[in-house]
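To start, the structure itself, in C-alpha cells.
Number of protein chains: 2
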Amino acid sequence: MTKKYQIVGVGNALVDVLAHCDDSFLAEAGIDKGVMQLIDTDRAAELYGKMAAAQEVSGGSGANTIAGIAALGGRTGFMAKVRDDQLGNIFAHDIQAQGTDFATKQAPSDHPNETGRCLILVTPDGERSMNTYLGVSCELSADDLDMDMLADTDWVYLEGYLFDSPANQAAFVSAIEAAKAVGGKVALTLSDPFCVERHRDAFRVLVREYVDLLFCNEHEMQALYQTETLDAAMEIAATEVETVACTASAKGAYILNGGQKIHAPATATKVVDATGAGDLFAAGFLFGLTNGRDLMACGTMGCVAAAEAISHMGARPAMDLKELFGDNKLM
Amino acid sequence: MTKKYQIVGVGNALVDVLAHCDDSFLAEAGIDKGVMQLIDTDRAAELYGKMAAAQEVSGGSGANTIAGIAALGGRTGFMAKVRDDQLGNIFAHDIQAQGTDFATKQAPSDHPNETGRCLILVTPDGERSMNTYLGVSCELSADDLDMDMLADTDWVYLEGYLFDSPANQAAFVSAIEAAKAVGGKVALTLSDPFCVERHRDAFRVLVREYVDLLFCNEHEMQALYQTETLDAAMEIAATEVETVACTASAKGAYILNGGQKIHAPATATKVVDATGAGDLFAAGFLFGLTNGRDLMACGTMGCVAAAEAISHMGARPAMDLKELFGDNKLM
C-alpha cells in the first residue's frame, strides 16, 4: 500500500539571518569560516549587534531538504521544535506553505528559550559561515515525535546537527525504531565535520546499525572514518552502509551502492551563497530515489538542486524546482 | 555650522514579508494589484496563511529611503515605532547596521500591538501588491519624536503613509515645526494614490505651507490635484512648492524647480520586484541634493538607486550603492 509520506524529516527548526561581510569581519569576530559553530544567547546578541543589515529566511538543514522535496512535489512531513513566537510562526508558516505537514507542538510563548536562529555570514567568495543559536530547537525529545507520521512513511530523514543533547538522541532512536517497525528506511546526513567530531562513536554505530542511506560531504566522511583520503573512507563506508551519497563541492557527488561507485558531475553555476548546497543536494537525490529513478539520475537531480541553492542568498529554493528539473529533462 | 544629520526621517517601522504569487492569487484573495492596502490583524492572519513561503526583510517606505541614504554615506537618523519583539528587534538592528541613528523608544513586549509588517505579493511581472498591518507603528506620536535630532538636521523627510491617525498627524506637525525652527527643510513623500485620496485636503495644506521638496509618482500627483493629466498637476504643483520630484516608472523622473522642468531618464534594468522603487529614488535624489549636486544629477542618482531596488526581491539595497554610484560616475 502506498504510504502517506515518501519522506518525513526530523531536524532543527531555525530561522536563518543572512548578511554579507568580508573576510576580515570573520577574523575579527573570531568566526571559523565555512563551518557551523554553536553559539549561546550572549554570543548571538554580540554577533548580531556587529552584523550588517540582514534578511530572514526559514532554514534548518533538514527542513531545507524537506522543503526542497516538497517543492518538487514529494509527499513530506517534518518534526522540529519552535516556540510560539514571531520567528517560530514564520518557520511553521514557511514549511507548511511549501506543502509539508508540520505539526510538532510549539513551546508556549513564555518558554525561556526562543525559536532558534542561525546567523549566517556570507563572504564575497560565496562561502557561508554559520553561527547557530539553537534556542528551543534542541529541546526536541522523543515525546515530540508524531508516531502516526513515522508509521506512514517510506523514509525517515535525520539531520546530524540535531544529534546533540541526550533528549535529541533519544528522539533519533525512537524515530528510527518507529520507521523500521513498519519497514521504513533511514537516511542520515552527517551535517558538518565538527558535528562528526563531537559524535563520531555514536554516528559510527548509527550508520552501521540503522542507516540505509548516508549523506555527507568529503570532509565529513573523512572525519567519520578518520582516514587521510576520501577513497579510504569510502572503502570503509561501502562495507557498512547500503548507499552513500557524498558531495564534493565543485567536483560534484560520488554515490556508492553495493560496491559500485557512480560520479555525478556538479552543475555549473555562480556561487552567490553556499548556504543549503548540501541540503538541496539531499532534496534532489531523495526526490529521485523515492520516485524510482536510478542512482545516476538521483545524483544529477541532487547536483541541479544544489546549484540552484547556491545561486542566490538563502538555502530554500528561490525558483520553481519542478520547472528547473523539467528544463534539465529530469522530470 | 555643519549639522549632525543631513536627513532625519519620520515614518513607519515595518518588516516586509515577501512572497511570489500569480495574478489569480491576487484576484482570489481580493488584493488590489500594485498598491498598498491597510489590513487588520484578522486579515493579516488569513492572508499570511494563504501566502507561499516568504522572506523577511526590514522595510517601511521612509525607512527604506533613509537606509539607502545611509548606505551611500549620508548622515541620517530615523524615528518610527516598534514593539520590543523579535520583528521589532530585527527592524531596529537593520536600520542601525546600515549606519542610521535610531533611538525611538520601543513599546514594551506586552504591548497589545505587535511590530508592524507588510505582506508583499510579487507577481511574475515584478509588480508588488502590499498589505500592511501597521501594528504598533501607527502609534507614533509627537511624544516619540527625538527633538534633539530634529534640531540638528538639514532636512526632515516625512512618509505620507504614516499620516493616518490623529497621533501621527500631530507628530508630523511637531516634526515640521522643530525642523523649521532651526532653518531645516521639509521633504514629504505622498506614498500612494489611496493615501492621497484619504488625506487630500490635509496633504494640500502641508504641501502648500511647509513642504520644500515633494516626492510622488504620476498617479499620486494627479490624485493630489485631481487633474486628468500629469502636466496639469505639475503646473499647479509648480505654484505651490519649491521642488517636486515625480517618478513615472519606465519613463524615469520629472523634476520641477522654480519654473524649470528637468527629465531624468530611467535606468534600464529587469524588474524582479518593484518594491522600494520610489523609496530608493528618494534616497538617491536626497543624497545628491544634500551633497550639493545639481537637480539633473539628483534625478539620475534617484533613477540609478531605484533600478537597483527593483532588480531583486526586497526594497533595501542588495548591492553596495556607493560602488554602483561609482560605476555610474555619480560619485
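In the order they appear, the protein sequences are chains A and B.
In this text, residue positions in the first sequence follow our numbering: the first is 694, and each later residue adds one.
In this text, residue positions in the second sequence follow our numbering: the first is 694, and each later residue adds one.
All C-beta atoms, glycine included, are put in the ideal place defined by N, C-alpha and C.
message: Comparing C-alpha positions only, which one of B/Val898, B/Asp794, B/Val750 and B/Met840 sits nearest to B/Val875?
response: Residue B/Met840 is the option with its Cα nearest to B/Val875.
- request: List the DSSP bridge partners of B/Lys954.
  value: B/Leu949
task: May I ask you to list, following chain order, the residues of the region 757-790 of chain A that have a beta carbon less than 8 Å from some beta carbon of chain B?
output: Ala760, Asp778, Gln779, Leu780, Ile783, His786, Asp787, Ile788 and Ala790
query: So A/Ala880 is in the beta strand (DSSP E); what residue range does that whole segment cover?
result: Lys878 to Thr882
field: Nearest candidate by alpha-carbon position, reference B/Val728, set B/Val829, B/Gln791, B/Ala738 and B/Asn910
entry: B/Asn910
message: Can you look up B/Leu923 in the DSSP assignment and give me helix, strand or coil?
response: helix
field: Beta-carbon neighbours of A/Gln799, restricted to chain B and to distances below 8 Å
entry: Neighbours of A/Gln799 on chain B: none; closest Cβ ~14 Å, over 8 Å.
- prompt: Alpha carbon to alpha carbon, how far is A/Ala930 from A/Val937?
  reply: 7 Å
task: Would you list, in sequence order, the uninterrupted beta strand (DSSP E) runs of no fewer than 3 residues that lie entirely inside the region 870-914 of chain B?
output: 878-882 and 906-910
is_contact[B/Met744, chain A] using C-beta, thresh 8 Å: yes
- request: Report the rounded CA-to-CA distance for A/Asn782 versus A/Gln789, giving the unit in angstroms.
  value: Distance between the alpha carbons of A/Asn782 and A/Gln789: 11 Å.
message: I'd like to know whether the C-beta of B/Ser751 is nearer than 8 Å to at least one C-beta of chain A.
response: yes
task: Give the DSSP-derived three-state secondary structure of B/Cys714 in the structure shown.
output: coil
- request: Indicate the three-state DSSP secondary structure (helix, strand or coil) for A/Ser830 in the structure shown.
  value: helix
- request: Give a yes or no on whether 8 Å exceeds the smallest Cβ distance from B/Arg821 to chain A.
  value: no
query: Are any of the Cβ atoms in chain A nearer than 8 Å to that of B/Ala796?
result: no
- request: Just grab the DSSP bridge partners of B/Gly809 for me.
  value: B/Leu707
message: Give me the DSSP bridge partner(s) of A/Arg821.
response: A/Val815
- prompt: How far does the alpha helix (DSSP H) with A/Thr769 in it reach, from first residue to last?
  reply: Looking at the DSSP string, A/Thr769 is not in any alpha helix (DSSP H); the run it does join, the beta strand (DSSP E), is Thr769 to Met772.
Nearest neighbour of A/Tyr741, chosen from B/Asp735, B/Tyr741 and B/His786 [CA to CA]: Looking at the Cα atoms, B/His786 is the closest of the given residues.
- prompt: Going by DSSP, what residues sit across from B/Thr940 in a beta bridge?
  reply: B/Asn910 and B/Ala946
query: How big is the Cα-Cα spacing for A/Thr797 and A/Arg776?
result: Spanning the two alpha carbons is a distance of roughly 10 Å.
- prompt: Roughly how many whole angstroms lie between the Cα atoms of B/Gln799 and A/Val889?
  reply: 43 Å
task: Examine chain B for any beta-carbon lying closer than 8 Å to the beta-carbon of A/Arg891, and answer yes or no.
output: no
- request: Grab the span of the alpha helix (DSSP H) containing A/Ser754 for me, first residue to last.
  value: Ser754 to Ala764
- request: With DSSP collapsed to three states, give me the class of A/Ser858.
  value: coil
message: Considering only heavy atoms of the ligand ADP, does any lie closer than 7 Å to the CB of A/Thr882?
response: Among the components of this structure there are no ligands whatsoever, and the ligand ADP is therefore not found.
field: As assigned by DSSP and simplified to three states, the class of A/Ile700
entry: In the structure shown, A/Ile700 adopts extended strand secondary structure according to DSSP, grouped into three states.
- request: State the beta-bridge partners of B/Asp794 as determined by DSSP.
  value: Answer by DSSP bridge pairing, in chain order: B/Gly770.
task: Please report the Cβ distance between A/Val708 and A/Glu739, rounded to the nearest whole angstrom; I am assuming they are in contact, meaning their Cβ atoms lie under 8 Å.
output: Contact flag wrong, Cβ pair sits at about 19 Å.
- request: Look up A/Gln799 in the DSSP assignment and say whether it is helix, strand or coil.
  value: coil
Closest Cα partner of A/Thr808 within the set B/Gln862, B/Leu780, B/Val710 and B/Asp715: B/Leu780
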